[in-house]
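Engineer: Could you have a look at this structure, given as structure tokens, before my questions?
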Amino acid sequence: MIEGIKAVAFDIDGTFYSEIKLYSRLIFYFIRHAAFFVKFSKVRRRLHQTAPLPDFFEYQARLLASIMKIPIEDAKDQINSVCYEGLKPYFKKIKPYPFVYDTVCALKAAGLKIALLSDFPPEQKGSIWGIRSLCDVCIGSEESGALKPSKYPFGILALKLNLKPEEILYVGNSKKYDVGGANNFGMKSAYLLKGFRKWFNIPLKEATISFRNYRELRNIILH
């Protein structure tokens, strides 16, 4: 087992499943709501650089309302109906990567705490392919008032797990948001290789470990 870790925490989007497969199902949905998603993306990019907020969802709606030139309540309704609720049905049709559930079960059986930390509400993905019931902690970074790579959501995660940062391995698919955010808070990090890095098995130097699939991740952590 990786020395010193007592918990393994995971990102969800792009880490548990292929974002390409999701986006292929969302093409017509994105086209139908193109104006919203273009402007909402601008809002999220800004929020990724913002300090922790006392009311994240209120500020997010205010930013969108300013860009779209609509009332704040209308912005809240659109965020909820188009993004949070509107995307829910699509996750039911997406399958996770092979061995995701088996790997999480094996880590749990080995005595490690399991956690989820995602930039979007975890409940948007339902049972998260059966993984949610295995979790000791399951939170969205929005609840903390800040998005990754801010240290704040990672701090809340460590607090809820009642562990030191160095006792947590955070698993993700983003160098900037997942690996960078975890490293900056003092956690260990695991990076899901993709593209040419996966093809040629080139580790990400910034990450504590790199892996190509979940069977490999399980073996690295437990052996």
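Residue numbers (my numbering): 110 to 332.
In this text, a Cβ means the ideal position worked out from N, Cα and C, and glycines have one as well.
Please read all numbers here as calculations on a predicted model, not as lab measurements.
#1: Say whether the segment 243-250 touches the segment 133-143, bearing in mind that this needs 3 or more beta-carbon pairs closer than 8 Å, one atom from each stretch.
#2: Opposite residue 117 in the DSSP bridges: which residues?
#3: Have a look at 329, 110, 221 and 162 and flag the residue whose alpha-carbon is nearest the alpha-carbon of residue 270.
#4: Under the DSSP definition of a beta bridge, which residues are partnered with residue 300?
#5: What are the complete alpha helix (DSSP H) segments, minimum 4 residues, inside the segment 112-180?
#6: Over what stretch of residues does the beta strand (DSSP E) that includes residue 191 continue unbroken?
#7: Just the C-alpha distance for residue 341 and residue 276, rounded to the nearest angstrom, thanks.
#8: Look up residue 214 in the DSSP assignment and say whether it is helix, strand or coil.
#9: Would residue 301 and residue 159 qualify as a contact pair, given that the criterion is a beta-carbon distance under 8 Å?
#10: Can you tell me which of 199, 169 and 178 puts its alpha carbon nearest to the alpha carbon of residue 185?
#11: Who does residue 248 pair with in a DSSP beta bridge?
#12: Is the distance from the Cβ of residue 254 to the Cβ of residue 229 below 8 Å?
#13: If we call anything under 8 Å between Cβ atoms a contact, is residue 226 one with residue 266?
#14: Ends of the alpha helix (DSSP H) at residue 272?
#15: Report buried or exposed for residue 112, applying the criterion of at least 16 other Cβ atoms within 10 angstroms of its Cβ.
#16: Rounded C-beta distance between residue 237 and residue 121? I'm assuming under 8 Å.
#17: Hey, residue 313 and residue 306: beta-carbon distance below 8 Å or not?
#18: Classify residue 259 as helix, strand or coil using the three-state DSSP reduction.
#19: Let me know if residue 114 comes out buried or exposed under the rule of 16 or more other beta-carbons within 10 Å of its beta-carbon.
#20: When the Cα atoms are used, what is the spatial distance from residue 299 to residue 315?
#21: How should residue 326 be labelled, buried or exposed, when 16 other C-beta atoms within 10 angstroms of its C-beta is the threshold for buried?
#22: Tell me whether residue 239 sits in a helix, a strand or coil according to DSSP, three-state version.
#23: With residue 126 and residue 206 assumed to form a contact (beta carbons below 8 Å), what rounded beta-carbon distance in angstroms separates them?
#24: Please state the DSSP three-state secondary structure of residue 201.
Structural biologist: So, from the data block:
#1: By the Cβ test, the segment 243-250 is not in contact with the segment 133-143, since fewer than three Cβ pairs between them sit closer than 8 Å.
#2: Beta-bridge partners assigned by DSSP to residue 117: 223 and 278.
#3: Cα-wise, what sits closest to residue 270 is 221.
#4: Paired residues: 281 and 319.
#5: Runs found: 128-141, 143-156 and 165-177.
#6: That residue, residue 191, is in no beta strand (DSSP E); it is neither H nor E in DSSP.
#7: Given that the chain is displayed from residue 110 to residue 332, the structure contains no residue 341 and the question cannot be resolved.
#8: Annotated three-state conformation of residue 214 is helix, per DSSP.
#9: Against a cut-off of 8 Å, the Cβ pair of residue 159 and residue 301 comes out as no contact.
#10: In terms of Cα proximity to residue 185, the closest of 199, 169 and 178 is 169.
#11: Residue 248 is bridged to 226.
#12: Judged by beta-carbon spacing, residue 229 lies beyond the 8 Å limit of residue 254, meaning their Cβ atoms are not closer than that value.
#13: Going by C-beta atoms, residue 226 is nearer than 8 Å to residue 266.
#14: If you look at residue 272, you'll find it isn't in any alpha helix (DSSP H); DSSP assigns it neither H nor E.
#15: Of the residues assessed, residue 112 falls on the exposed side of the cut-off, its CB having fewer than 16 other CB atoms within 10 angstroms.
#16: Taking C-beta atoms under 8 Å as the contact rule, residue 237 and residue 121 qualify, at a distance of about 7 Å.
#17: One thing to note: residue 313 has its Cβ within 8 Å of the Cβ of residue 306.
#18: Residue 259: coil per DSSP, three-state reduction.
#19: By the 10 Å Cβ count, residue 114 comes out buried.
#20: So the two alpha carbons sit approximately 9 Å from each other.
#21: For residue 326, the number of other beta carbons within 10 angstroms of its own is at least 16, and it is reported as buried.
#22: Reduced to three states, the DSSP call for residue 239 is coil.
#23: Yes, residue 126 and residue 206 are in contact; Cβ-Cβ is about 6 Å, under 8 Å.
#24: For residue 201, the secondary structure class from DSSP, reduced to helix, strand or coil, is coil.
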